[in-house]
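**Student:**
Protein chains in written order, with full-length UniProt numbering: chain Y, 1 to 454; chain H, 1 to 454.
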């Protein structure tokens, strides 16, 4: 007996998995993913690239099927496009290390648009999102790391996750889900070349991936066929788009474990490689016995893995964006301000003399022991020499928000409040309440408060 | 001085080329491309995959910006999607050998939607289409043949052509055109894997390519940025999506020659590899001195190049679709019916005893001389042994419709009439008249007769 085609195995998993099959902690975790996504989307809604995409969607017009985080309602496809773009622009959305996928920004907009349009329940949505994460994480793991050389995994692999989640919400049967996955894969796109210019394509990628996955599912619902072996087929996704791949990752323990729990959250509004050092700085500052104050610091030596040194050793960042990739800035910011959230990365902090003075005392270097544990552990060692000559040494193996160093729900709620502090307090708190009680929602067509406004 | 980036060179060409720069024969030829496209699109409009895509577009809704070949009007993006899908389903659309691109089905829907929405002139449309063909042919040539191993050139490379044509119609300046090309390339998709299942993805590819190219141009108009070296960049289209490439093909004689003239038209409704043999059969049948009649035939030996033998040697096709890939059927059909158009490939002809009897006398084999000239020449030698013992030998190097064996405008008009014989005669003839006088149209927003109906 030969193994079923990968799409078929995934389709069976998608069709058969019900909300009732999810362990309680998966349900709770998925709701936090939704909240975290919503925060990123609302925080990004007014950024220029998102404004442009929203304007275009408005000009195109469409039936009022789903809500936009930028306000108003539009067609399900346009909602997926705009919301998918909006949630990837402030760089605070979730990340899965093994597949290098930011799943929320692709899976959730597609799922939400389908759920709103078709009036599905909160439980349906939770199950669909957990399934969508699972599907794209598996495909991303199968093609990692070689696929990532050229391709933006979040967009390419994410398209499958969007189709899986949307297909689940449409109630597609196994055969139709195979076609949906097939036509998701044959639309998969998103090259890294844009990064050379810092171009806006990054948000187009995620918006389009959400839209394309939803499109594949909606067409499959009508009987539109696609390739049945899009992953492993001779002219399919694996062979065409990755130098090496491990197909077994797609089905390994499929249905036994929910990989959404492997998801990491970003608490600090900077490059992920700066996070372990920020965590250490904050822990020293918050030490109840001996809280570290900036003026006590004579020297800080930060020992990181290779990417920390290669990407974040910048003693003199020239812009707020560059500051997010400066370990010196991030550590000094954390020690001076006690936070490194969206609100802390500003022109003001960039030129704050207290921060700049402290930055001069911070040195970044490779720590061979920390590096040996990479990439399984994204760790950092920090050695602080005090003015009096004493030395404090601390170390972490995982940035806060990794599954091994989980962030508490309260902290994610706090992050959400910070990301949405431009909203009226009442609406912000109602969002938190709604998302954390998502399983109680009977009909998502009526989900968003205040009519058409998220 | 280094050469400008490829996108910049193309953008400059797109911006600077005006209708007035086109030689008269390019204008005439482009109009024939439009007519041929329209015939394919109208002939395919009611096919199941197109019906499904159209239904979905209807459900999504949209402003009435452009006409659908399936009837009615919708948003520019949806029009590009539906019309792009419709024009690739009856397999009679044009083909460019060197780039392996069917340009019409991607470039024209995107251009037409932009032109209708913005009320551009017929001259603007003609120039944009000629430019769009040029751009995608060049990119396709640069990545041929290796790209074609996995990728459907028409969709992937076609996306650039759609963006180029739409960008021209939007009046984008060089810098914006660079961004449009960048975001076209980063959306490029379409894997051949669907062919294993004969899935409907083929039409999704062309519809999406038209839509994605138009989307890239519309976003660029708003200032949305993209990668500036999408073709040759280290993580761009060439490196990611083709094993080998020749970047010089992109700019070789750019602006000096209009590659749209290299386009081939399909006259017969079958696999292109059967066309030279059909041409020969029709010429023997139409010989004014000695018209060949089926009952005179004792034996026909068809000598082809390798693909003729590999793909079209099928003495007993089981379906109408399979019959289009059976050289025995195609040659017998041509001799019995005197035509091999859309109307001739039917269940009736498939089981016609006269055709079946003749098929038994037809043999397909490799002709080393013909094969040696392939792929520059798609030739065939045919040797007919008559009942009386005499032998007729004929040979062609290029199927009818290749630039080396051009089809007359009158023949393409005849093909259009056959493809649209389900339409009222008045509408059909008006279409012909309108397209052949396209340069007279002042405002394409008002182009289609009978209001919203193509």
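Beta carbons: idealized from backbone N, C-alpha and C, even for Gly.
Whose C-beta lies closer than 6 angstroms to the C-beta of residue 332 of chain Y among residues of the same chain, with five residues either side of it excluded?
**Tutor:** The residues are 355, 358 and 359.
**Student:** Going straight from the alpha carbon of residue 57 of chain H to that of residue 75 of chain Y, what length do you get?
**Tutor:** Looking at the two C-alpha atoms, the distance is approximately 10 angstroms.
**Student:** Whose C-beta lies closer than 6 angstroms to the C-beta of residue 362 of chain H among residues of the same chain, with five residues either side of it excluded?
**Tutor:** Here the set comprises 300, 328 and 331.
**Student:** Give the interface partners of residue 47 of chain H over in chain Y, defined as CB-CB distance under 9 angstroms, in chain order.
**Tutor:** Those do not exist, as residue 47 of chain H stays about 12 angstroms from chain Y at its closest Cβ, beyond 9 angstroms.
**Student:** Which of the three DSSP states, helix, strand or coil, is assigned to residue 30 of chain Y?
**Tutor:** Here residue 30 of chain Y sits in helix by DSSP.
**Student:** Taking 9 angstroms as the CB-CB limit, is residue 73 of chain Y close to chain H?
**Tutor:** Answer no: the Cβ-Cβ gap between residue 73 of chain Y and chain H never drops below 9 angstroms.
**Student:** Look at the Cβ atom of residue 310 of chain Y, then the Cβ atom of residue 317 of chain Y, and state whether they are nearer than 9 angstroms.
**Tutor:** No, these two residues do not count as a Cβ contact at 9 angstroms.
**Student:** List, in chain order, every chain Y residue whose beta-carbon is nearer than 7 angstroms to that of residue 189 of chain H.
**Tutor:** Per Cβ cutoff of 7 angstroms: 186, 187, 188 and 189.
**Student:** State the Cα-Cα distance for the pair residue 343 of chain H and residue 271 of chain H, rounded to the nearest angstrom.
**Tutor:** When rounded, the distance between both Cα atoms is 15 angstroms.
**Student:** Please return the same chain residues whose Cβ sits closer than 8 angstroms to the Cβ of residue 238 of chain Y, not counting the five positions on each side in sequence.
**Tutor:** If we look at residue 238 of chain Y and ignore the five residues flanking it on each side, its Cβ neighbours are 142, 143, 231, 232, 245 and 247.
**Student:** Beta-carbon of residue 52 of chain H versus every beta-carbon of chain Y: anything under 9 angstroms?
**Tutor:** Chain Y, which has a Cβ nearer than 9 angstroms to the Cβ of residue 52 of chain H, makes this yes.
**Student:** What does the Cβ neighbour count give for residue 1 of chain Y, buried or exposed, with the cut at 16 atoms within 10 Å?
**Tutor:** The pLDDT assigned to residue 1 of chain Y is 43, lower than 50, so where the model puts this residue is not dependable, and the model offers no usable value.
**Student:** Can you find at least 3 beta carbon pairs, one from the region 199-219 of chain H and one from the region 165-180 of chain H, that sit closer than 8 angstroms?
**Tutor:** Cβ pair count under 8 angstroms is three or more, so yes.
**Student:** For residue 65 of chain H, does the count of other Cβ atoms within 10 angstroms reach 16, so buried, or fall short, so exposed?
**Tutor:** With 16 or more other Cβ atoms within 10 Å, it is buried.
**Student:** Go through the region 16-93 of chain H residue by residue and report every complete run of the alpha helix (DSSP H) that reaches 4 residues or more, in order.
**Tutor:** Listed in chain order, they are 24-44, 48-60 and 76-86.
**Student:** For residue 227 of chain Y and residue 182 of chain Y, I'd like the C-alpha separation in whole angstroms.
**Tutor:** For residue 227 of chain Y and residue 182 of chain Y, the distance between alpha carbons rounds to 5 angstroms.
**Student:** Is the separation between the beta-carbon of residue 258 of chain H and that of residue 134 of chain H shorter than 9 angstroms?
**Tutor:** Their beta carbons are under 9 angstroms apart, which means residue 258 of chain H touches residue 134 of chain H by this criterion.
**Student:** Contact between the region 275-295 of chain Y and the region 373-393 of chain Y is defined here as three or more beta-carbon pairs at a separation below 8 angstroms; is this criterion met?
**Tutor:** Result yes; three or more Cβ-Cβ pairs closer than 8 angstroms.
**Student:** Report the residues of the region 85-119 of chain Y with a CB closer than 7 angstroms to any CB of chain H, ordered along the chain.
**Tutor:** Against chain H - using a Cβ distance shorter than 7 angstroms - the region 85-119 of chain Y contributes no residues.
**Student:** Can you check which of these residues, Y:203, Y:413 and Y:47, is closest to residue 35 of chain Y by C-alpha distance?
**Tutor:** Per the Cα distances, Y:413.
**Student:** Flag residue 234 of chain H as yes if its beta-carbon sits less than 9 angstroms from any beta-carbon of chain Y, otherwise no.
**Tutor:** So, interface residue.
**Student:** Along the region 287-321 of chain Y, where does the CB come closer than 8 angstroms to a CB of chain H? Name the residues.
**Tutor:** Here the close residues number zero.
**Student:** Beta-carbon within less than 7 angstroms of residue 441 of chain Y's beta-carbon, same chain only, minus the 5 sequence neighbours each way: which residues are those?
**Tutor:** These residues qualify, in order along the chain: 121, 122 and 447.
**Student:** Consult DSSP for residue 1 of chain Y and reduce its assignment to one of helix, strand or coil.
**Tutor:** A caution first: residue 1 of chain Y carries a pLDDT of 43, below 50, which makes its placement in the model too unreliable to give a value.
**Student:** When the cut-off is 9 angstroms and only beta carbons count, does residue 40 of chain H lie next to chain Y?
**Tutor:** False, the Cβ-Cβ gap to chain Y never drops below 9 angstroms.
**Student:** Give the single residue among H:104, H:176 and H:175 whose Cα lies nearest to the Cα of residue 30 of chain H.
**Tutor:** Per the Cα distances, H:104.
**Student:** If distances are taken between C-alpha atoms only, which option among H:98, H:43, H:86 and H:17 comes closest to residue 377 of chain H?
**Tutor:** For residue 377 of chain H, the nearest C-alpha among the options comes from H:98.
**Student:** Please list the terminal residues of the continuous alpha helix (DSSP H) segment that includes residue 369 of chain Y.
**Tutor:** Element bounds for residue 369 of chain Y: 368-372.
**Student:** Start and end of the alpha helix (DSSP H) containing residue 116 of chain H?
**Tutor:** 104-118 is the span of the alpha helix (DSSP H), which, as asked, contains residue 116 of chain H.
**Student:** Can you list, in chain order, the residues of its chain with a C-beta nearer than 7 angstroms to that of residue 131 of chain Y? Leave out the 5 residues immediately preceding and following it.
**Tutor:** The residues are 14, 17, 164, 165 and 168.
**Student:** Quick one: residues in its chain with C-beta nearer than 6 angstroms to the C-beta of residue 78 of chain H, no 5 flanking neighbours on either side, listed in chain order?
**Tutor:** Only 57 and 62 meet the Cβ criterion.
**Student:** Assign residue 202 of chain Y to buried or exposed, taking buried as 16 or more other Cβ atoms, counted over all protein chains shown, within 10 Å of its Cβ.
**Tutor:** When all chains shown are included, residue 202 of chain Y counts as buried.
**Student:** Once you ignore the five residues that flank residue 350 of chain Y on each side, which residues in its own chain have a CB closer than 6 angstroms to its CB?
**Tutor:** The residues are 320 and 323.
**Student:** Looking only at DSSP bridge pairs, what is residue 342 of chain Y linked to?
**Tutor:** Beta-bridge pairing links residue 342 of chain Y to no other residue.
**Student:** Can you tell me where the alpha helix (DSSP H) with residue 174 of chain H in it begins and where it stops?
**Tutor:** Looking at the DSSP string, the run of the alpha helix (DSSP H) that includes residue 174 of chain H is 174-185.
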